[in-house]
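Colleague: Going line by line, the protein sequences match chains A and B. Residues in the first sequence are numbered consecutively from 1, following this note's numbering. Residues in the second sequence are numbered consecutively from 1001, following this note's numbering.
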Amino acid sequence: MSMISLKIDGQLVEVESGTTILEAAKKINVNIPTLCHHEDLCVAGNCRVCVVEVKGRERLEASCSTPAPEGMEIWTNTARVRNARQDIVSLLVSEHNTQCTTCYRNTNCELQNLAAEYNVDGNRYLSVLKPGIKVDTSSWSIEKDDSKCIRCQRCVRTCAELQHVNALTASHKGKDMKISTFLDLPFNEVVCTNCGQCVNRCPTGALTERRYFNQVWEAIGDPTKHVVMNTAPSVRVALGEMLGYEVGHRVTGKMVTAMRKMGADSVLDTDFAADLTIIEEGNELLTRLKKVLVDKDQSVKLPMITSCSPGWVKFIEHMFPNHLGHLSTCKSPQQMFGTLSKTYYAEQKGIDPKDIVSVAIMPCAAKKYEANRPEMNDSGYRDIDAGLTTREFGLMIKQAGLDFKNLPDGAFDSIMGESTGAGVIFGATGGVMEAALRTAYAVVTGRSVPFENLNITAVRGTDGIREASIKVENCLPEWSFLEGVVLNVGVAHGLKNARIIMDQIAAGTSKYHFIEVMACPGGCIGGGGQPIPTNAEIRAKRTAAIYEEDMGKPIRMSHENPEIVKIYEEYLHEPLGHKSHKLLHTHYTPRNRY
Amino acid sequence: MAEIEMIINQKIERYGRERKALLPILQGIVAAKNYISQDDMVCVARALDISAADVYGTASFYSFLENKVLGKYVIRVCRSITCDMKGKNKILKALEEELRIQLGETTHDRLFSLEATNCIGLCDMGPAMLINEKPYTHLTAERIPEIIFEYRNK
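1. Cβ closer than 7 Å: which chain A residues qualify as neighbours of Val1069 (chain B)?
2. Going along the chain, which residues of its own chain have a beta-carbon closer than 6 Å to the beta-carbon of His226 (chain A), five neighbours each way excluded?
3. Quick one: grab the DSSP three-state call for Asp136 (chain A).
4. For Phe1064 (chain B) and chain A, any beta-carbon pair shorter than 8 Å?
5. What ranges does the beta strand (DSSP E) occupy inside the stretch 479 to 535 of chain A, keeping only unbroken runs of at least 3 residues that lie completely in it?
6. Using a Cβ-Cβ cut-off of 6 Å (strictly less than) and excluding sequence neighbours within five positions of Met229 (chain A), which residues of its own chain qualify?
7. Report yes or no: do the stretch 236 to 251 of chain A and the stretch 387 to 404 of chain A share at least 3 C-beta pairs separated by less than 8 Å?
8. Could you check the C-alpha separation between Thr420 (chain A) and Asp269 (chain A) for me, to the nearest Å?
9. I'd like the list of long-range same chain contacts for Asn488 (chain A), defined as Cβ closer than 6 Å, with 5 residues on each side in sequence excluded.
10. Which of the three DSSP states, helix, strand or coil, is assigned to Gly446 (chain A)?
11. Report yes if the C-beta distance between Lys331 (chain A) and Leu584 (chain A) is below 8 Å; otherwise report no.
12. Check the Cβ of Ser1060 (chain B) against every Cβ in chain A and list those closer than 7 Å, keeping chain order.
13. Locate the beta strand (DSSP E) running through Leu1130 (chain B), then write down its first and last residues.
14. Could you run through the stretch 328 to 352 of chain A and flag, in chain order, every residue whose CB is less than 7 Å away from some CB of chain B?
15. Is His1108 (chain B) buried or exposed, if buried means 16 or more other CB atoms sit within 10 Å of its CB?
16. Using 10 angstroms around the beta-carbon of Asp295 (chain A), count the other beta-carbons present and answer buried if the total reaches 16, otherwise exposed.
17. Mind listing which residues of the stretch 189 to 201 of chain A have their C-beta closer than 8 Å to chain B's C-betas, in chain order?
18. Is the stretch 361 to 368 of chain A close to the stretch 527 to 541 of chain A, with three or more CB pairs under 8 Å?
19. How long is the line joining the alpha carbons of Gly248 (chain A) and Ala1002 (chain B), rounded to whole angstroms?
20. Any residues in the stretch 1017 to 1041 of chain B with a beta carbon nearer than 9 Å to a beta carbon of chain A? Which ones, in chain order?
21. Give a yes or no on whether 8 Å exceeds the smallest Cβ distance from Arg1234 (chain B) to chain A.
22. Taking the CB atoms as reference points, tell me whether Glu281 (chain A) and Ala436 (chain A) lie closer together than 8 Å.
23. Give a yes or no on whether 8 Å exceeds the smallest Cβ distance from Ala1045 (chain B) to chain A.
24. Which residue comes first and which comes last in the alpha helix (DSSP H) that contains Ile425 (chain A)?
25. Check each residue of the stretch 537 to 558 of chain A: if its Cβ is closer than 8 Å to any Cβ of chain B, include it; give the result in chain order.
26. Chain A partners of Ala1052 (chain B), CB-CB under 7 Å?
27. Which residues in chain B have a C-beta closer than 7 Å to the C-beta of Leu168 (chain A)? List them in chain order.
28. Can you give me, in chain order, the residues of the stretch 1107 to 1133 of chain B that have a beta carbon less than 7 Å from any beta carbon in chain A?
29. Could you tell me the boundaries of the beta strand (DSSP E) in which Pro1135 (chain B) lies?
30. Taking 8 Å as the threshold (beta carbon to beta carbon), is Gly1057 (chain B) in contact with chain A?
31. Kindly indicate the opening and closing residues of the beta strand (DSSP E) around Met3 (chain A).
32. Measure the alpha-carbon distance for Pro186 (chain A) versus Ala1116 (chain B) and round it to whole angstroms.
33. Three or more beta-carbon pairs under 8 Å between the stretch 1116 to 1127 of chain B and the stretch 1072 to 1081 of chain B, yes or no?
34. For Thr1137 (chain B) and Met1125 (chain B), which I take to be in contact (beta-carbon distance under 8 Å), what is that distance rounded to the nearest angstrom?
35. Whole angstroms is fine: what's the gap from Leu35 (chain A)'s alpha carbon to Thr20 (chain A)'s?
36. Counting beta carbon pairs with one atom in the stretch 271 to 289 of chain A and one in the stretch 565 to 578 of chain A, are three or more of them shorter than 8 Å?
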């Protein structure tokens, strides 16, 4: 790469050729405002907020989409630039529903911030907000309010580039242009996986998750209800961002105390259910391997693919309905937890399950949909009553008036509150695979996986698809059929990569035995319900925090979790047994691709 | 439906099974049946392995890619500023009276649809309109009945 030098606001900067003005400015900490630009997405250049003055050029240039040539002189802060930006923001505001005080994104809105920064005068342009825009509340997970849309198309690019779903498109043109689904149908009728990545990247309140926190407050306030809260592994490494901590700060102990102070009757851990998932899924994998390798059973499908990510599950149901046999039948940890909260937990605690309200706090938008899937009622009740995002949970903590930073650390309640490092790493891409390998290898050979500190680094990282091969040697007698077998595993995150994996399976060229797929880039730490904003740096810090949490756990293999041992002794009896099948496993529904 | 699939396959043969074939396919469908139905869009999406929303986005962008049922003859009156200044409104009124429909509607016999269009490049000859692909220029309200009469009796 050849280097070029240019001048920004009189300051000389050297960058690789091809670098945009925006990137060059960032390098020397010159802040240029943006709206349609997002680091995870391709350049759009449609909002023009990032305009700058270039010496020798008559018109202003959009810095996000203009590569800097050698010797360019740029001014980012002239009267002309400021006026242009103010005009652009004013025009956007004139079409925007500026009921900011009633907006869910109030105080966390990029348009609001810019309007404040450029002191947009309300009388500059007439409001031309179209009347009668209805909010689409048809989906369990995502709400769309076109009156707040600035048509930056980040959502369209997210759905196309990161997820390869293309549920959203820019339809019509000119003043009628809008972000639409197919035929502008409601969200619940189109091919949408509910992953919520569009919500994470929406600069305004046009796309938000459907909120359920008021119902949760209601249940907490009802003395006849026993509210059980459980939190997913990745919530504890991101929640702090909403409450004054820097990115990557773990707040597990304070989070537990906060839930207790908010009035939850029991504060439990989804990580427990993650450990349980490993036992069930690990055994399912070993059973499938036996059926394929020993019994030559043609009906059993390999590779087996994880089913923890409800966005991914809906994706495969839509896009590859003929390949649902590859999905593990295990419910996700959230749903395992929900079912057990109204069966095992209710029994052990002597509480009538009809009085239990099971609340899941998740990094996810799709979990809301999953909780409402019609078949998710194996406990005889709705297994999960409400799925909240990390964002809703952070808001509830603020509403409760808690001084979060000064809360003492608390510990999860029992039962179903104990977890291992293996359960924790579910929150990062590759984590389920690593956790499963730790346990499966130990079950089959009686020894720990042959990696330093149990850290299977090959499946970690941010590459879209990662793989590892593990040779199984010196098996215990009952697993002797696996002797010498080289187990190939794959990990994919982001549905774009999931599609690559599935295309291989559909073509019959997949070399894997076991695959982990997470719908969201980075896994759950980058989930559609996590604090906004998101970018690669933020996701990397959250991931690092997840692995720190794992290293800090005294037990790091799911099958050694004492509460897991206990639940099999007292209640489930055996993995894949009768009770497990009834409560912890599920089935899938083929859906339309178009 | 078989007809639509034939059109799609012809265009794919010529342009490849790629996204760039989308516009020719949509144009082909409109040429054959005047509009693109919802089912057609799904058909196209499946053939090109793209999302139905993508097809809708493109189909809704172009004024001439109609996605509602139109009459056999689609009249598109230019609404751009030059034609407007040259008396487009009088032409429109004459058409509405002659056809007994409003702008945006289709006659009961499904013979005519009356639409407005952006500039069709006939600014020097306005007011102008298209009937299907045939341009009519230097229009006067008096000429409208005779033009419509011609199509009625085709």
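Beta carbons are placed, not taken as given, at the ideal position from N, Cα and C, and that holds for glycine. If you're wondering where the values come from, they're calculated on a predicted model, not measured in any experiment.
Modeller: A quick look at the data gives this:
1. Residues of chain A passing the Cβ test: none, with the nearest at roughly 15 Å.
2. Asp265, Ile351, Asp355, Ile356
3. strand
4. no
5. 486 to 493, 514 to 518
6. Met259, Ala264, Val267, Val359
7. yes
8. 11 Å
9. Ser469, Lys511, Tyr512, His513
10. coil
11. yes
12. Ser171, His172
13. 1129 to 1131
14. none
15. exposed
16. exposed
17. Val190, Val191
18. yes
19. 57 Å
20. Gln1038, Met1041
21. No statement about residue 1234 (chain B) is possible, as the shown extent of chain B runs from 1001 to 1154 and does not include it.
22. yes
23. yes
24. Taken as a continuous stretch (DSSP letters only), Ile425 (chain A) belongs to no alpha helix (DSSP H), as it is neither H nor E.
25. none
26. Phe182, Tyr594
27. Ala1053
28. none
29. 1134 to 1136
30. yes
31. 3 to 8
32. 29 Å
33. yes
34. 4 Å
35. 16 Å
36. yes
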